[in-house]
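Asker:
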Amino acid sequence: MTSTVNAVDERAAGAPEFPMARAAGCPFDPPPALRDRQQEGPLSRVRLWDGSTPWLVTRYADQRALLADPRVSADITRPGYPLQSPLPPGGSGVSFILKDDPEHARLRRMVTAPFAIKRVEAMRPGVQKIVDDLIDDLLAGPKPVDLVDAFALPVPSLVICQLLGVPYADHDFFQTNSKVIINLDVTPEQRSAAHGNLIGYLNDLMGEKIADPVDDLLSGLATRVTAGELSREEAAQMGVLLLIAGHETTANMIALGTLALFEHPDQLALLRDTDDPALVSSAVEELLRYLHITHNGRRRVATEDIEIAGEVIRAGEGLILANDIANRDPEVFAEPDRLDIRRDARRHVAFGFGVHQCLGQPLARMELQVVYGTLYRRIPTLRPATELERIPFKHDGSVYGVYELPVTW
Amino acid sequence: MKVTVDQDKCVASGQCVVAAPEVFDQRDEDGIAVLLDAEPPAERADGVRHAAAVCPALAIGIQD
Ligand code: HEM
Ligand code: SF4
């Protein structure tokens, strides 16, 4: 018994730091040291910024099993939760993404209807129009131009504003504050100030929707506030979650996906020359798998002892489920490091797994299908206006991507 | 093939609807999955199996 405890302690003492660094010149691949852990075994320990040593779960099957296990908690306030950065002073104030069932389910189910497949499909023509208009503007404007600023960020921001009922005119305000929240290098005070700004903004907006509900998602929440099903504060928190999650992630997929295609010209050509929606949709799944932008792992904490892969995870121990390497698990995806838009990648975990799996995934998928299916066809000579080495990557963000992508045509 | 959906577990991801639209649908009020066909014919089996494999809530049961 003592020897096992010592072995565990020793492993914790020698645990490598997490997150790990990507290799120079391989901006699309997970860190090599992380891949090594996967080859070494299903479970190991890593060391976080605060000195804690949670478990690192490396394999696809174990990650899915744990993410779907009710003994695994997403509650960031529980002791042992592997924090990405210091908890903001005065609590987290975040919505259901960091809560457990039944509270998580109660809140999530209030906003699931607008993300149903048929509802999202009904939005497709509107999204196509947004994309076409932005491409018209690109073509009429100067070049080179930053694709992030002129296209990748406006598309999902316009879409989420329409869905929620947030005035797009305020996009500078909410984009700036969102960027602070998902940047890991800011101080807890800066992060909480940015969060406070967004909560205040959504709280005001909620007041307007309560007084005068219209046909949008926030008005739906306002009606529930009026009916006493939800507090105004909870509604504002949910609005902030949807606003941030709804534009940052998709924007990164658009810009990073385009860059990955530039680096794989044969794949870009396939996409540019097709009018088959099945191939476009397959490309979306493959790019989600290959790029895996939420690159710092799903974070969880065990609430009971859990036996898995020949080990026992103790109650109160933290878990990092490295979905990026699960998407490169050779047991699941043949030649996992090859970008191949014709493969069937639909089993990827780019949207996570379990009850917290991305609420916005039907919308994100549809937006990416419209974007990847339109941009390269309408601008067939689209290409980078600088070398790969000069492009700034978001190594410091909880969502991976590029800060800018100068393009020309 | 017999199919079941556990609506308490379902998180309304809609992945089953994408995989097998003839077998699964979603409720208007909250996007929770409903079965259109609890005993789908053999030609739908692949789609249903795929739905069960990707369902994030492990809410889909299959009996052959
Ligand atoms: C390509 C784009 C996107 C990616 C890669 C992505 C990724 C993810 C991932 C990995 C999670 C799981 C978090 C966890 O388990 O800890 C998640 C959750 C979530 N996402 Fe997304 N997301 C994207 C787009 C969106 C959009 C467009 C929206 C909203 C409109 C959205 C809203 C949410 C929400 C609300 C959650 C929390 C779900 C819950 O806890 O039940 N996401 N997303
Ligand atoms: S795939 Fe599963 S969680 Fe998603 S709607 Fe269907 S049954 Fe519900």
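Protein chains in written order, with this note's numbering: chain A, 35 to 443; chain B, 975 to 1038. Beta carbons: idealized from backbone N, C-alpha and C, even for Gly.
The segment 388-406 of chain A: which residues have C-beta closer than 7 Å to a C-beta of chain B, in chain order?
Answerer: 388, 389, 391, 395 and 396
Asker: Mind checking whether residue 416 of chain A and residue 441 of chain A have CB atoms under 8 Å apart?
Answerer: yes
Asker: Report the residue from A/74, A/79 and A/325 whose alpha carbon sits nearest the alpha carbon of residue 14 of chain A.
Answerer: Coverage of chain A is limited to positions 35 through 443, which leaves residue 14 of chain A absent and any answer about it impossible.
Asker: Using a Cβ-based criterion (distance less than 7 Å to any ligand heavy atom), does residue 397 of chain A qualify as near the ligand HEM?
Answerer: yes
Asker: Output, in sequence order along the chain, the residues in the segment 85-117 of chain A whose CB is closer than 9 Å to any CB in chain B.
Answerer: 98, 101 and 102
Asker: Here's the rule I'm using: 16 or more other beta-carbon atoms within 10 Å means buried, otherwise exposed. How should residue 70 of chain A be labelled?
Answerer: exposed
Asker: Note down the Cα distance separating residue 1037 of chain B from residue 195 of chain A, rounded to an integer number of angstroms.
Answerer: C-alpha separation (whole angstroms): 43 Å.
Asker: By alpha-carbon positions, which one of B/1030, B/1017, B/1031 and B/1027 ends up nearest to residue 975 of chain B?
Answerer: B/1017
Asker: For residue 78 of chain A, which three-state DSSP category applies?
Answerer: strand
Asker: Below 7 Å, is the gap between the Cβ of residue 34 of chain A and the nearest heavy atom of the ligand HEM?
Answerer: Nothing about residue 34 of chain A can be read from this structure; chain A reaches only from 35 to 443.
Asker: Is the separation between the beta-carbon of residue 291 of chain A and that of residue 325 of chain A shorter than 8 Å?
Answerer: Yes, the pair counts as a contact, with Cβ atoms nearer than the cut-off.
Asker: Going along chain A, which residues have a C-beta under 7 Å from residue 1028 of chain B?
Answerer: 380 and 381
Asker: Quick one: residues in its chain with C-beta nearer than 7 Å to the C-beta of residue 224 of chain A, no 5 flanking neighbours on either side, listed in chain order?
Answerer: The beta carbon of residue 224 of chain A sits closer than 7 Å to the beta carbons of 214 from its chain, once the five residues preceding and following it are set aside; these are given in chain order.
Asker: Check each residue of the segment 991-1022 of chain B: if its Cβ is closer than 9 Å to any Cβ of chain A, include it; give the result in chain order.
Answerer: 991, 992, 993, 995, 999, 1000, 1001, 1002, 1003, 1004, 1005 and 1006
Asker: Can you give me the Cβ contacts of residue 349 of chain A inside the same chain, cut-off strictly under 7 Å, excluding the 5 residues immediately before and after it?
Answerer: 336, 337, 338 and 339
Asker: Which bits of chain A does residue 1033 of chain B rub up against, with CB to CB less than 9 Å?
Answerer: By Cβ distance, chain A contributes nothing, its closest Cβ being about 10 Å from residue 1033 of chain B, past 9 Å.
Asker: Would you say residue 151 of chain A faces chain B, with C-beta separation under 8 Å as the test?
Answerer: yes
Asker: Give a yes or no on whether the C-beta atoms belonging to residue 192 of chain A and residue 164 of chain A are separated by under 8 Å.
Answerer: yes
Asker: Determine, using beta carbons only, whether residue 182 of chain A and residue 55 of chain A come nearer to each other than 8 Å.
Answerer: no
Asker: Residues in its own chain within less than 7 Å of residue 412 of chain A by CB, not counting five upstream and five downstream?
Answerer: 169, listed in sequence order.
Asker: Just to confirm, is the Cβ distance from residue 397 of chain A to residue 106 of chain A under 8 Å?
Answerer: No. Outside cutoff.
Asker: What are the residues that DSSP puts in a beta bridge with residue 89 of chain A?
Answerer: Beta-bridge analysis with DSSP links residue 89 of chain A to A/79 and A/353.
Asker: When every heavy atom of the ligand HEM is checked, does at least one fall within less than 7 Å of the C-beta of residue 131 of chain A?
Answerer: yes
Asker: Is the separation between the beta-carbon of residue 372 of chain A and that of residue 116 of chain A shorter than 8 Å?
Answerer: no
Asker: Mind reading off the beta-carbon distance from residue 381 of chain A to residue 1031 of chain B? Whole number of angstroms is fine, and I expect it under 8 Å.
Answerer: Rounded, the Cβ-Cβ distance is 15 Å, inconsistent with contact.
Asker: How is the beta strand (DSSP E) around residue 307 of chain A delimited, first residue to last?
Answerer: It is not in any beta strand (DSSP E) - residue 307 of chain A carries neither H nor E in the DSSP assignment.
Asker: Quick one, which of A/66, A/221, A/81 and A/57 has its alpha-carbon nearest residue 49 of chain A's?
Answerer: A/81
Asker: Drop a sphere of 10 angstroms on the beta-carbon of residue 315 of chain A, count the other beta-carbons inside from all chains shown, and report buried for 16 or more, exposed for fewer.
Answerer: buried
Asker: Going by alpha carbons, who is nearest to residue 141 of chain A out of A/275, A/246, A/387 and A/73?
Answerer: Among A/275, A/246, A/387 and A/73, the Cα nearest to that of residue 141 of chain A is on A/275.
Asker: Have a look at A/52, A/280, A/61 and A/101 and flag the residue whose alpha-carbon is nearest the alpha-carbon of residue 423 of chain A.
Answerer: A/61
Asker: Answer with yes or no whether the minimum CB distance from residue 979 of chain B to chain A is below 8 Å.
Answerer: no
Asker: Using a beta-carbon distance below 8 Å, is residue 334 of chain A in contact with chain B?
Answerer: no
Asker: For the segment 254-267 of chain A against the segment 361-380 of chain A, are there 3 or more C-beta pairs whose distance is under 8 Å?
Answerer: no
Asker: Could you check if residue 245 of chain A is buried or exposed, using at least 16 other CB atoms within 10 Å of its CB as the buried criterion?
Answerer: Classification for residue 245 of chain A: exposed.
Asker: Measuring alpha carbon to alpha carbon, tell me which residue in A/202, A/404 and A/90 is nearest residue 310 of chain A.
Answerer: A/404
Asker: Pull up the distance between the alpha-carbon of residue 1004 of chain B and that of residue 345 of chain A, whole angstroms please.
Answerer: Going from the Cα of residue 1004 of chain B to the Cα of residue 345 of chain A covers about 39 Å.
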